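Sequential numbering from 148 applies to the sequence shown in this note's numbering.
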Amino acid sequence: MVENNISGIEFGRGKIVGHNIFNIFLVYSSERMSFPTSELPAIVITGTMKDKKTDFGNSFDPDYITTEGQYRALYMKLSRIMNDNDFQYNQKYAVDSTQMVYFAANQAIDNPVFYAVVASSEILSDGFAENLFTVANRGGIYSAKKFYEELQSLDKSERHVVGEEISSEQAKSIITSLVIAPENVNYVNLVLSSLAKADVYGGDNVFTDVIRLLGEIPMGIDADIILDSCFQIARKYDKLNLLDRSFQIYQMIADMAMQFERLPLMITSQMRCAVIARKRQENPEIILDLLSNIDDGSLEVAQQEERELFYTLQGYCFDVMGQKELAEELHYMAIMIAESESSPSIHVAESHAFLGSVASSRYEPEIATRQYITASTISLSNNDLDMSKLYSHKAALQEIRWATYLASTAIVMNSNADLSNIEFYAWQSMKRLVNAVTHSDRDRRTLDILEPSAEVLRMIKQVFPKSSEYGMATINELEQHLGFIGENALPPDQEKELFKFISSKISAMLPLPPPVILLIANDGRLIIGGEIGKEQWDQSILTNDILFSGALSAIMAIISEVISGDDPLRMLDAGQTQIMIERTDVCIGALLVDRDLNILRKALIEVLNMVELSYPGLANWDGYSIDFSDLQPRIEAIFQKAMENLSS
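Here you go:
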């Protein structure tokens with residue numbers, strides 16, 4: 148059973164009596180205030196959860212008295228509840244001796260939205276729970292206010308849509324003669340709801356009649372179930388790759404949704420039309436026109452992934468149209484949305500990859516590498532292994548490019564008899580070469596990684612001091628390992644360990660750059676961060692905004708793996724940077740370094756323990772009420788001692 152750890156928190160004239168994940172109902176105690184019998188005493192919050200990562204959407208309070216700070220405190224509580232291993236949906240729980248909670252999950256859409264209602268056992272009757280399940284599983288896209296109104300409407304009228312009374316086969320025949328009128332709306336709802344559950348439709352009549360019915364919806368009726376059912380039918384055509392049919396239905400739904408004040412449904416339908424237009428490689432101006440009814444204001448009611456997709460689609464269009472600077476700004480917008488939440492979608496991976504291509508065109512291979520690695524990490528967290536491999540390989544190509552540049556620099560310095568930094572550039576070149584092979588795709592690297600790698604080693608051998616026996620031995624060892632790699636003679640795990648070993652030998656010869664620390668609350672919000680040794684931490688991060696942005700996006704993409712499991716993730720590859728990760732019950736610590744050194748990891752753990760003891764309120768942090776002004780010098784002191792020990 149899920150324990151209720153937020154009961155009693157006061158909101159205006161009421162208090163929380165229960166919770167849920169994505170739509171939560173905050174029910175006011177009848178002892179504190181009374182309501183008209185026609186009003187449902189509840190607050191609704193929309194959101195989604197994927198891999199135990201919760202992203203909150205919009206909210207609705209019928210009394211308009213809940214403050215932003217109160218919502219933020221509630222979001223943190225809900226996020227912690229969602230991480231409970233016993234948490235389940237679509238059933239009722241006892242919250243305490245007087246309260247019950249019912250969770251309903253809408254699995255009909257691509258990224259499930261969850262709803263829950265918490266109330267006294269008298270309110271949360273079996274009929275009420277059925278109404279909640281009915282609204283949640285229509286398959287439509289609701290704002291918090293619209294969901295509240297639909298639930299309230301069902302609660303008052305006690306009307307239900309029973310989809311089992313008409314089979315999908317019967318519905319296919321009935322729809323041909325179906326006509327929508329105010330007196331038969333419930334029957335139309337029943338037919339279309341049954342039809343929406345069909346696996347396949349066959350023939351042309353279903354599509355033709357869905358288009359006809361959408362065009363015949365009279366104003367003044369409750370058209371929600373009709374629109375929701377048609378939306379599900381469009382989705383099934385979409386999944387069958389019948390794009391012309393799905394496009395036409397989505398477009399009509401978008402037009403009707405505006406008339407019936409279903410803004411979230413309009414946004415989603417219009418967005419799907421734009422995605423289909425992109426799949427069909429239509430003129431980018433057509434895609435932009437499809438998005439023209441959506442703006443920053445209306446996006447406030449959309450889920451996080453749709454907001455990300457909106458800017459990514461526009462970025463794609465302006466890129467194709469040759470307006471690179473505008474495309475870059477729009478892709479940055481998608482990334483900024485992801486950083487303000489906790490789980491970037493596959494669309495954000497595309498945005499990072501675009502910025503990687505921009506950095507590559509500007510001959511900034513180090514920045515390009517970080518962007519591509521971040522895109523690869525986000526793709527992997529979204530279970531798109533093919534794109535993850537592709538982006539990782541693009542990062543490898545950038546690292547080879549950087550390795551070649553460094554080796555060339557060493558040759559130029561040698562020709563100018565400048566011997567002071569030749570060895571340093573040679574080691575840096577080898578480090579990037581090893582990273583390139585590590586990140587490369589085994590099926591692609593023979594063509595474009597191994598041969599340039601051999602050329603880089605040849606260049607390094609020309610200038611490396613012959614007196615450095617250890618250095619020459621390491622070069623020869625690396626050359627030998629590349630031979631093994633070229634033959635694909637080693638399993639992936641052994642290959643990884645081999646290059647991890649050689650990388651550690653190379654890293655030991657390079658000076659240690661100052662690490663960057665990020666402290667992140669378990670819900671994904673940044674607490675504090677900066678470069679160790681810099682007085683102004685905020686500025687130290689801003690001057691490395693590309694590094695910071697990529698690192699934070701990568702961490703957020705896999706935060707569920709960071710904070711869960713018996714063996715949580717403790718190191719993340721971010722191109723030229725390694726992200727060392729540790730956590731406590733209240734926060735996550737990430738240290739951006741160029742190698743995994745145990746003495747730095749111990750310092751990171753010491754910082755986290757200090758934070759947990761010094762800020763007991765962090766477990767319920769609302770985002771602004773804790774003063775962290777004394778945290779920077781305490782972190783600096785811990786790492787100063789660690790760096791001194793490292794030097795000695």
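The beta-carbon is built from N, C-alpha and C at its ideal position, and this holds for glycine as well.
Computed from a predicted structure; not experimentally measured.
Rounded straight-line distance, which links the Cα of R359 to that of M366:
15 Å
Please report the distance separating the alpha-carbon of I607 from that of D443.
52 Å
Which residue or residues does DSSP assign as beta-bridge partners of Y262?
A251
Alpha carbon to alpha carbon, how far is A789 from E753?
10 Å
For the segment 775-782 and the segment 666-677, state whether three or more C-beta atom pairs, one from each stretch, are separated by less than 8 Å.
yes
How would you call Y510, buried or exposed, if buried means at least 16 neighbouring beta carbons within 10 angstroms?
Per the 10 Å Cβ criterion, exposed.
Other residues of its chain near G503: CB distance less than 7 Å, five sequence neighbours each side excluded
A515, Q518, Y519, A522 and K541
Ignore the nearest five residues each way along the sequence and tell me which others in R409's own chain have a CB closer than 7 Å to its CB.
K293 and L374
When DSSP builds the beta bridges, which residues end up paired with G677?
I664
Evaluate N336 with the Cβ neighbour count: other Cβ atoms within 10 Å of its Cβ, from every protein chain shown; 16 or more gives buried, anything less gives exposed.
buried
Taking DSSP's pairing of strands, which residues face A737 in a bridge?
L665 and I728
What do you get for E497, buried or exposed, if any count of 16 or more other CB atoms within 10 angstroms of its CB means buried?
buried
First and last residue of the uninterrupted alpha helix (DSSP H) at I632:
E616 to G633
Give every residue of the same chain whose Cβ lies closer than 6 Å to the Cβ of E759, excluding the five residues on either side of it in the sequence, and list them in chain order.
T731 and V733
Proximal residues to M405 (C-beta, below 7 Å), its chain only, five neighbours per side dropped:
M413
For A737 and E486, what's the separation of their Cα atoms in angstroms?
15 Å
Between the beta-carbon of L739 and the beta-carbon of P662, is there less than 9 Å?
yes
Where M196 sits in the DSSP three-state scheme
strand
Closest by C-alpha distance to R219, when choosing among H499, D402 and S772:
Per the Cα distances, S772.
Selected residue, minimal CA-CA separation from I228, among I212, F250 and I674
Answer by Cα proximity: F250.
In angstroms with no decimal places, state the Cα-to-Cα distance between A636 and E642.
9 Å
Please determine if the segment 444-457 and the segment 415-426 are in contact, where contact requires at least 3 C-beta pairs separated by less than 8 Å.
yes
On the DSSP letters alone, give me the boundaries of the alpha helix (DSSP H) that M403 sits inside.
Where M403 is concerned, the enclosing alpha helix (DSSP H) stretches over L390 to Q406.
Please report the residue range of the alpha helix (DSSP H) in which N352 lies.
N352 to G362
Taking 9 Å as the cut-off, decide whether the C-beta atoms of T201 and Y222 are in contact.
yes
Can you name the start and end residues of the alpha helix (DSSP H) that L460 belongs to?
Element bounds for L460: Q451 to V467.
Going by alpha carbons, who is nearest to L747 out of N792, E330 and N756?
N792
Residues in its own chain within less than 6 Å of E305 by CB, not counting five upstream and five downstream?
Note that E305 scores a pLDDT of 47, beneath 50, so its modelled location is shaky; the value from the coordinates is reported in the next line. Same-chain partners within the cutoff: there are none.
Grouping DSSP H, G and I as helix and E and B as strand, with all else coil, what is Y289?
coil
Contact check, A424 vs Y458 under 8 Å by CB: the rounded distance?
Not confirmed; about 16 Å, so no contact.
Mind checking M180: buried by the 16 CB within 10 Å criterion, or exposed?
A caution first: M180 carries a pLDDT of 30, below 50, which makes its placement in the model too unreliable to give a value.
Please work out which residues of its chain come closer than 7 Å, Cβ to Cβ, to P411, disregarding the five sequence neighbours upstream and downstream, and give them in chain order.
I288, Y289, S290, V448 and A449
Burial state of Q398, where buried means 16 or more other Cβ atoms lie within 10 Å
buried
Straight-line gap, Q787 to P612 (C-alpha atoms, nearest Å)
Straight through space, the alpha carbons of P612 and Q787 are spaced by roughly 34 Å.
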